[in-house]
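Letter by letter, the sequence shown follows residues 1 to 663 in the UniProt record's numbering.
Glycine included, every Cβ here is placed at the ideal spot set by N, Cα and C.
The structure under discussion appears below in the form of structure tokens.
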Amino acid sequence: MDIEKKINQLRLELQQHNYNYYVLDKPEVSDYKFDMLLEELQELEEKHPEFKDPNSPTQRVGGEVTKNFKTVQHDYRMYSLSNSYSKEEMEEWEVRVKKLADGEVEYTCELKYDGASISLTYENGELLRAVTRGDGIQGDEVTANIKTIKSVPLKLKGDYPQRFDIRGEIVLPYEGFAKMNAERVEQGEEPYANPRNTASGSLKLQDSAEVAKRPLECLLYSIVGENLSFKTQYEGLQKAREWGFKVPKEAELAKSTDEVMNFINYWDENRHDLPYETDGVVIKVNNLRQQEELGFTAKSPRWAMAYKFKAEQAETLLESITYQVGRTGAITPVANLKAVQLAGTTVKRASLHNADQIEKLDIREGDKVFVEKGGEIIPKIVGVNFKERDPDSKPTQYIQNCPECGTELVREDGEALHYCLNAAGCPPQVVGRIQHFISRKAMDIEGLGGETVALLVRENLIENYADLYELKKEQILPLERMAEKSAENLIAGIEASKTVPYERVLFALGIRFVGETVAKTLAKRFTSITALENASQEELENVNEIGVRIAESVVDFFGIEKNRNLIERLKNYGLQLELSEEDLEGKSDKLQGKTFVISGVFEKVSRKELKKLIEDNGGKVTGSISGNTDYLVAGENMGPSKLTKAEKLGTKIISENEFLDMV
Numbered sequence: 001m002d003i004e005k006k007i008n009q010l011r012l013e014l015q016q017h018n019y020n021y022y023v024l025d026k027p028e029v030s031d032y033k034f035d036m037l038l039e040e041l042q043e044l045e046e047k048h049p050e051f052k053d054p055n056s057p058t059q060r061v062g063g064e065v066t067k068n069f070k071t072v073q074h075d076y077r078m079y080s081l082s083n084s085y086s087k088e089e090m091e092e093w094e095v096r097v098k099k100l101a102d103g104e105v106e107y108t109c110e111l112k113y114d115g116a117s118i119s120l121t122y123e124n125g126e127l128l129r130a131v132t133r134g135d136g137i138q139g140d141e142v143t144a145n146i147k148t149i150k151s152v153p154l155k156l157k158g159d160y161p162q163r164f165d166i167r168g169e170i171v172l173p174y175e176g177f178a179k180m181n182a183e184r185v186e187q188g189e190e191p192y193a194n195p196r197n198t199a200s201g202s203l204k205l206q207d208s209a210e211v212a213k214r215p216l217e218c219l220l221y222s223i224v225g226e227n228l229s230f231k232t233q234y235e236g237l238q239k240a241r242e243w244g245f246k247v248p249k250e251a252e253l254a255k256s257t258d259e260v261m262n263f264i265n266y267w268d269e270n271r272h273d274l275p276y277e278t279d280g281v282v283i284k285v286n287n288l289r290q291q292e293e294l295g296f297t298a299k300s301p302r303w304a305m306a307y308k309f310k311a312e313q314a315e316t317l318l319e320s321i322t323y324q325v326g327r328t329g330a331i332t333p334v335a336n337l338k339a340v341q342l343a344g345t346t347v348k349r350a351s352l353h354n355a356d357q358i359e360k361l362d363i364r365e366g367d368k369v370f371v372e373k374g375g376e377i378i379p380k381i382v383g384v385n386f387k388e389r390d391p392d393s394k395p396t397q398y399i400q401n402c403p404e405c406g407t408e409l410v411r412e413d414g415e416a417l418h419y420c421l422n423a424a425g426c427p428p429q430v431v432g433r434i435q436h437f438i439s440r441k442a443m444d445i446e447g448l449g450g451e452t453v454a455l456l457v458r459e460n461l462i463e464n465y466a467d468l469y470e471l472k473k474e475q476i477l478p479l480e481r482m483a484e485k486s487a488e489n490l491i492a493g494i495e496a497s498k499t500v501p502y503e504r505v506l507f508a509l510g511i512r513f514v515g516e517t518v519a520k521t522l523a524k525r526f527t528s529i530t531a532l533e534n535a536s537q538e539e540l541e542n543v544n545e546i547g548v549r550i551a552e553s554v555v556d557f558f559g560i561e562k563n564r565n566l567i568e569r570l571k572n573y574g575l576q577l578e579l580s581e582e583d584l585e586g587k588s589d590k591l592q593g594k595t596f597v598i599s600g601v602f603e604k605v606s607r608k609e610l611k612k613l614i615e616d617n618g619g620k621v622t623g624s625i626s627g628n629t630d631y632l633v634a635g636e637n638m639g640p641s642k643l644t645k646a647e648k649l650g651t652k653i654i655s656e657n658e659f660l661d662m663v
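Dropping the structure here:
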């Protein structure tokens with residue numbers, strides 16, 4: 001037989017056996033037979049390197065060492081989900097969904113597995129790359145490690161799209177986790193704390209051969225891409241199975257909140273029978289057209305909700321309450337606890353949120369308290385065991401002065417938090433603002449970390465983020481743990497940050513309430529920092545998704561002379577403080593002050609492109625028709641309720657071509 005033909009035949013045979021064993025749980029050959037076939041293929045590939053294939057079954061054994069994981073931007077953003085904890089919250093979500101979506105709404109209910117999120121990109125049926133969730137916009141490429149996971153197909157079968165992303169969770173089954181820990185204990189090593197953290201840590205191991213030794217699995221649940229061949233989430237799950245992915249079979253369709261709650265209640269009782277950790281249920285609007293219509297908030301899809309199972313709880317001693325100062329001057333009280341095991345981790349601290357929370361629960365030092373770890377990463381105190389309270393204990397008196405600089409704290413009307421207003425002289429605020437400036441989503445200055453920032457401030461080398469651009473290698477070389485090469489890298493990283501685009505520089509400035517998404521919105525509307533600095537509060541409030549609170553904060557920031565001086569210095573250092581010509585291309589104010597609703601399917605441009613065209617030309621897109629809607633852009637198969645409401649309110653209805661003529 002022709003050697004190439006024999007190699008390809010062995011690869012196909014091994015891929016099928018792998019799929020039968022790790023995805024279907026129905027092996028058709030013995031482990032010995034599989035190993036013999038794999039060995040035969042390895043020998044042939046070694047003798048004939050001209051037939052090398054990076055997605056051959058032999059490439060799963062690992063061995064590739066990655067010292068620095070490359071940062072990769074996701075083709076499609078990975079959003080986080082909003083959480084719900086009760087039937088009432090689910091019903092409120094359903095009301096919002098039905099208000100915005102046309103037609104009958106059906107839901108897909110899926111178990112929410114507790115692992116490490118991953119995005120796999122396939123091109124022409126082969127695994128192209130695997131990227132961690134990261135910040136949702138970009139993550140670390142961990143392809144070599146993911147290839148070692150047997151339930152991840154390296155090549156697909158069937159009618160798959162030319163290119164798409166599929167999202168899922170890397171999990172460690174209970175059985176495999178127990179076996180790993182038993183081996184570690186036998187070798188005199190500390191056991192791992194829980195499956196989730198172990199799975200997450202595995203993705204960043206430098207040696208993929210070590211990853212290959214861990215019994216990780218990949219459970220897939222969401223496909224994103226252009227021109228997909230299915231119309232619902234449930235169909236997408238079925239397609240993914242056909243292409244070769246391991247997709248949990250517990251998913252069910254539901255017509256109402258009652259049916260959703262039946263699914264939730266069943267699995268809340270029976271989840272411990274599953275082979276993996278799960279902490280809730282994800283409910284998605286099933287129809288993909290309705291999903292597109294509902295769209296996203298700044299952080300989450302409007303068409304999905306995570307219902308979290310009842311949190312685990314433990315009782316422990318509250319030893320002390322301390323207070324942290326954030327970069328904005330916000331004071332956060334922290335409970336320091338006697339260490340206690342909770343949801344597989346050791347808990348020593350918990351958030352107390354604010355003065356109101358302390359007063360409401362009547363929390364005091366020396367109390368026995370109930371600690372809960374639910375949807376939040378940081379545990380919280382949910383109650384006090386009053387039977388155990390010392391009769392001589394005194395109510396907690398919230399601090400009146402900043403614990404770091406002694407400045408009297410201020411609490412504005414309607415604010416939950418106390419603030420220290422000594423922005424220029426309070427050490428944690430000074431350090432925190434610079435740390436925010438250099439952070440990954442902001443300036444992302446290579447070679448400069450949070451500890452180094454604190455050291456530079458402590459050594460009086462910098463007082464603000466503009467000072468970074470005046471640092472010299474000779475100044476930082478004498479610092480602790482600073483060698484010649486690391487000093488050069490730090491200076492080079494600061495210089496390279498001058499090319500970071502305007503919207504990220506705007507986010508880096510640390511204006512209160514101006515997060516990553518708001519910074520992008522402001523940069524689109526006010527295309528230079530000068531234009532933003534001169535904008536009135538009214539002009540700011542007229543921008544889509546910019547409310548009174550954000551507008552006030554922006555005006556206040558530029559109203560401070562020190563901040564204006566910092567901006568001027570950053571301009572002089574050459575930072576990008578306006579949109580480039582490339583960014584400005586296709587943008588105008590033609591649609592300024594106009595509000596649009598998009599509904600239906602379009603021929604020339606997608607709904608996503610329509611939305612971008614409206615926003616790039618100064619318009620605003622909303623999900624539902626109201627008296628403030630100027631235009632309804634109507635496509636094919638438009639929902640009847642939107643059409644009826646538009647006609648009733650006298651909203652102007654325009655076609656795709658009529659809209660394109662406007663821009």
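Counterpart residues of residue i in DSSP-defined beta bridges
{"i": "glycine 168", "result": "Ile118, Leu220"}
{"i": "asparagine 83", "result": "Ala306"}
{"i": "aspartate 135", "result": "According to DSSP, aspartate 135 bridges with nothing at all."}
{"i": "isoleucine 331", "result": "Val325"}
{"i": "tyrosine 419", "result": "Ala330, Val410"}
{"i": "leucine 575", "result": "Beta-bridge pairing links leucine 575 to no other residue."}
{"i": "tyrosine 160", "result": "DSSP output for tyrosine 160 lists no bridge partner at all."}
First and last residue of the uninterrupted beta strand (DSSP E) at residue i
{"i": "phenylalanine 177", "result": "Counting along the chain, phenylalanine 177 falls outside any beta strand (DSSP E), though it belongs to the alpha helix (DSSP H) covering 174–186."}
{"i": "serine 351", "result": "345–351"}
{"i": "glutamine 324", "result": "312–325"}
{"i": "glycine 280", "result": "278–285"}
{"i": "asparagine 460", "result": "Here asparagine 460 belongs to no beta strand (DSSP E), and DSSP marks it neither H nor E."}
{"i": "glutamine 73", "result": "71–73"}
{"i": "valine 555", "result": "First-last for valine 555: 548–558, but that is the alpha helix (DSSP H), not the beta strand (DSSP E)."}
Start-to-end residues for the alpha helix (DSSP H) that takes in residue i
{"i": "glutamate 242", "result": "233–243"}
{"i": "glycine 493", "result": "484–496"}
{"i": "aspartate 258", "result": "257–270"}
{"i": "aspartate 583", "result": "581–584"}
{"i": "leucine 294", "result": "288–294"}
{"i": "valine 369", "result": "Taken as a continuous stretch (DSSP letters only), valine 369 belongs to no alpha helix (DSSP H), being part of the beta strand (DSSP E) at 368–373."}
{"i": "tyrosine 107", "result": "No alpha helix (DSSP H) contains tyrosine 107, which is instead part of the beta strand (DSSP E) from 107–113."}
{"i": "lysine 473", "result": "473–476"}
Residues of its chain near residue i, where Cβ-Cβ distance is below 6 Å and the 5 sequence neighbours each way are ignored
{"i": "threonine 121", "result": "Leu128, Arg129, Asp165"}
{"i": "serine 222", "result": "Arg167"}
{"i": "arginine 271", "result": "Thr278"}
{"i": "glycine 375", "result": "Here glycine 375 scores only 49 on pLDDT, less than 50, and its place in the model should not be relied on; the value that follows carries that caveat. Same-chain partners within the cutoff: Asn83, Lys308."}
{"i": "tyrosine 113", "result": "Glu169, Val171, Leu219, Tyr276, Thr278"}
Proximal residues to residue i (C-beta, below 7 Å), its chain only, five neighbours per side dropped
{"i": "glycine 635", "result": "Ser599, Gly600, Val601, Phe602, Glu656"}
{"i": "glycine 176", "result": "Pro215"}
{"i": "arginine 389", "result": "Asp367"}
{"i": "glutamate 578", "result": "Tyr502, Thr527, Ser528, Ile529"}
Reduced DSSP category for residue i - H, G, I as helix; E, B as strand; rest coil
{"i": "glycine 383", "result": "strand"}
{"i": "glutamine 341", "result": "strand"}
{"i": "glutamate 568", "result": "helix"}
{"i": "lysine 604", "result": "coil"}
{"i": "proline 301", "result": "strand"}
{"i": "alanine 523", "result": "helix"}
{"i": "isoleucine 378", "result": "coil"}
{"i": "aspartate 356", "result": "helix"}
{"i": "residue 671", "result": "What is shown of the chain runs 1 to 663, which leaves residue 671 out entirely."}
{"i": "arginine 11", "result": "helix"}
{"i": "threonine 644", "result": "helix"}
Own chain residues within Cβ distance below 8 Å of residue i, not counting five before or after
{"i": "arginine 641", "result": "According to the sequence as given, residue 641 is serine; it is not arginine. For serine 641, where only same-chain residues beyond five positions count, the Cβ hits under 8 Å are Asp102, Gly103."}
{"i": "glycine 627", "result": "Leu649"}
Open item on the list: I want to know whether the region 436–444 touches the region 547–559 - three or more CB-CB distances under 8 Å.
Closed with: no
Open item on the list: With a threshold of 8 Å, are at least 3 pairs of Cβ atoms found where one atom belongs to the region 593–606 and the other to the region 242–251?
Closed with: no
Open item on the list: For the region 336–349 against the region 311–318, do three or more pairs of beta-carbon atoms, one drawn from each stretch, fall closer than 8 Å, so that the two count as touching?
Closed with: yes
Task: Sufficient close CB pairs (3 or more, under 8 Å) joining the region 516–523 to the region 482–494 - done: no
- [ ] Would you check if the region 226–233 and the region 75–94 touch, i.e. whether three or more CB-CB distances between them fall below 8 Å?
- [x] no
- [ ] Please determine if the region 103–112 and the region 272–288 are in contact, where contact requires at least 3 C-beta pairs separated by less than 8 Å.
- [x] yes
Task: Contact between the region 612–630 and the region 578–596 (3+ Cβ pairs under 8 Å) - done: yes
Task: contact_flag[the region 397–408, the region 462–473] where n(CB pairs < 8 Å) is 3 or more - done: no
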